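Participant: For this note's numbering, add 5 to where a residue sits in the sequence shown, where the first one is 1. C-beta atoms are modelled at their ideal positions from N, C-alpha and C, and glycine is treated no differently. Quick caveat, the model's predicted, so the values are computed rather than measured.
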Amino acid sequence: GHILNGPIAEPISDGGPELLFRKLVTHKKVALVGAGPPHGEYGEDIESAETVARPKFIGVDGLPSPKFHGVRCNIAYEAAINILSGYLDLGVSINFYDEVDLIVSTSELVSFCSKPVANLHTTIPMYRTTAISGIILLYQLIGASPKSLKVYGFDFRASRKQYSDPVRDFYNDHGPLLGHPYPGFDTEDVPAWIVASDFSWHDFVSNFCFAQNLYKAGLFDIEPYGKSILELTPYQYVERLEEMLGDW
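#1: Of the residues P69, L29, R27, T31, which one's Cα is nearest the Cα of V38?
#2: Which residue comes first and which comes last in the alpha helix (DSSP H) that contains A216?
#3: Is N212 closer than 7 Å to I308 when the C-beta atoms are compared?
#4: Could you tell me which uninterrupted beta strand (DSSP E) segments, each at least 3 residues in length, are contained entirely in the segment 22-71, listed from first to last along the chain?
#5: Here's a check: name, in chain order, each residue in its chain whose Cβ is nearer than 6 Å to the Cβ of D106, leaving out the five neighbours to either side.
#6: Using the DSSP secondary-structure output, state which residues sit across from N124 in a beta bridge.
#7: Among R27, I86, E23, P22, which residue has its Cα nearest to the Cα of L152?
#8: Would you call the CB atoms of S110 and I129 closer than 7 Å?
#9: Ignore the nearest five residues each way along the sequence and tell me which others in E236's own chain have a CB closer than 7 Å to its CB.
#10: For the alpha helix (DSSP H) that contains L235, what are its first and last residues?
#11: Less than 7 Å separating the beta-carbons of A40 and K155?
#12: If we ignore side chains and look at the alpha-carbon of each, how far apart do E228 and A54 end up?
#13: Should L9 go down as buried or exposed, given a rule of 16 or more other Cβ atoms within 10 Å for buried?
#14: State the DSSP-derived secondary structure class of A163, mapped to helix, strand or coil.
#15: Look at the Cβ atom of I108, then the Cβ atom of V97, and state whether they are nearer than 7 Å.
#16: Going straight from the alpha carbon of G75 to that of E46, what length do you get?
#17: For the candidate residues G231, C118, G48, T238, whose alpha-carbon lies nearest to that of D94?
#18: Excluding five sequence neighbours on each side, which residues of the same chain lie with their C-beta closer than 6 Å to the C-beta of S21?
#19: Three-state secondary structure (DSSP) at V115?
#20: When DSSP labels each residue in this structure, what does L154 get in the three-state scheme?
#21: Out of P42, I199, E52, K166, point me to the one whose CA is closest to G67's CA.
#22: For E49, I'd like the list of residues in its chain whose CB is within less than 7 Å of its CB, leaving aside the five on either flank, ordered along the chain.
#23: DSSP puts Y82 in a beta bridge; with which residues?
#24: Could you give the DSSP three-state label for D226: helix, strand or coil?
In structure tokens form, the structure reads like this:
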């Protein structure tokens with residue numbers, strides 16, 4: 006992995022769970038593992054990291070086979086922790102965080118499911134959009150000055166199958182309980198309103214360019230599939246989106 010020269014920001018304050026975040030990340034070998042389907046057997050590499058961080062972590066049962074993405078999760082990022090709280094209120098069983106050291110969220114909760122919650126206090130300076138969960142966690146990890154940071158399981162929304170089956174199924178099954186169906190592009194006949202809704206929340210091109218600039222600056226390393234996407238020009242990335250989504 007790349008050796009990082011220093012933080013690009015101080016996005017998480019120093020105290021309580023936030024201090025734990027820095028202890029888990031600063032000067033550590035860190036693996037960031039997305040919720041996307043695997044593109045190689047990286048389980049051993051991921052497990053060899055000192056700290057493993059995952060966005061949209063729904064427990065070991067929600068992961069691919071361990072040979073692909075390992076099983077450990079020290080830091081779990083969940084932007085919509087209020088939705089998970091709603092699931093608890095409705096009686097949905099949530100035991101994702103039994104083995105997790107820390108949850109990171111935009112909420113103001115001090116703890117959730119008996120685990121400490123580190124709260125984000127800095128908005129990512131991104132043009133015309135909000136950052137997706139994986140980009141937010143990537144930015145936070147870089148800001149805490151890891152010794153090295155390598156990314157797995159990210160496709161930057163460049164394929165229809167954005168999430169592994171268990172993650173997609175969990176949100177599709179439980180989302181409607183709270184009026185929050187979880188959009189996805191797995192089928193060829195995805196309704197146009199789903200694509201438009203997702204683009205209204207997260208402009209894919211802005212997220213791609215932001216991640217690409219961090220990568221070009223040498224602030225993280227990434228496995229070959231993700232690297233092949235980040236090496237596209239923004240125009241090539243747009244062409245890939247158009248090919249993937251069609252005339253929606």
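Facilitator: For this structure:
#1: For the purposes of this step, residue 38 is identified with residue 33 of the sequence shown, where counting begins at 1. Nearest of P69, L29, R27, T31 to V38, Cα basis: P69.
#2: Taking the first residue of the sequence shown as 1, we reach residue 216 at position 211. Residues 209-221.
#3: In the structure as shown, the chain begins at 6 and stops at 253. Residue 308 is therefore absent and cannot be evaluated.
#4: 34-38, 56-60
#5: Counting from 1 along the sequence shown, the entry for residue 106 is found at position 101. Excluding residues within five positions, the ones whose Cβ falls inside 6 Å are N79.
#6: Numbered from 1 along the sequence shown, position 119 holds the residue referred to as residue 124. According to DSSP, which records beta bridges pairwise, N124 is partnered with S110.
#7: Here residue 152 corresponds to residue number 147 of the sequence shown, with the count starting at 1. For the record, residue 152 in the displayed sequence is Lys; it is not Leu. The residue with the shortest Cα to Cα distance from K152 is R27.
#8: Your numbering for residue 110 matches position 105 in the sequence shown. Your numbering for residue 129 matches position 124 in the sequence shown. Against a cut-off of 7 Å, the Cβ pair of I129 and S110 comes out as no contact.
#9: Mapped onto the sequence shown, residue 236 falls at position 231. Cβ neighbours of E236 beyond the five flanking positions: none.
#10: The residue you call residue 235 lines up with position 230 of the sequence shown. Looking at the DSSP string, the run of the alpha helix (DSSP H) that includes L235 is 229-235.
#11: As a first step, residue 40 is located in the sequence shown; it is residue number 35 there, counting from the start. As a first step, residue 155 is located in the sequence shown; it is residue number 150 there, counting from the start. Contact flag unset, no.
#12: Mapped onto the sequence shown, residue 228 falls at position 223. Mapped onto the sequence shown, residue 54 falls at position 49. Computed Cα separation, rounded: 14 Å.
#13: The sequence position of residue 9 within the sequence shown is 4, counting from 1. At L9, the pLDDT of 41 sits below 50, so the modelled position is not reliable; the number obtained from the coordinates is stated separately. L9 comes out buried.
#14: As a working mapping, residue 163 is identified with position 158 in the sequence shown. The answer is coil: DSSP assigns A163 none of H, G, I, E or B.
#15: The residue you call residue 108 lines up with position 103 of the sequence shown. The residue you call residue 97 lines up with position 92 of the sequence shown. Not closer than 7 Å, so no.
#16: The residue labelled residue 75 in the question sits at position 70 within the sequence shown. The residue labelled residue 46 in the question sits at position 41 within the sequence shown. Looking at the two C-alpha atoms, the distance is approximately 9 Å.
#17: Start at 1 with the first residue of the sequence shown, and residue 94 comes out as number 89. Out of G231, C118, G48, T238, C118 has the C-alpha closest to the C-alpha of D94.
#18: For the purposes of this step, residue 21 is taken as the residue at position 16 of the sequence shown. Rather than Ser, the amino acid found at residue 21 in this sequence is Gly. Cβ within range, chain order: n/a, list empty.
#19: Position 110 of the sequence shown, counted from the start, is the residue given in the question as residue 115. Correct three-state label for V115: coil.
#20: By 1-based counting over the sequence shown, the position of residue 154 is 149. L154 falls in the strand class under three-state DSSP.
#21: Counting from 1 along the sequence shown, the entry for residue 67 is found at position 62. Here the closest residue by C-alpha is P42.
#22: Sequence index remark: in the sequence shown, residue 49 carries index 44 (1-based). None.
#23: For the purposes of this step, residue 82 is taken as the residue at position 77 of the sequence shown. DSSP output for Y82 lists P60, V109 as bridge partner(s).
#24: For the purposes of this step, residue 226 is taken as the residue at position 221 of the sequence shown. The answer is strand: DSSP assigns D226 an E or B state.
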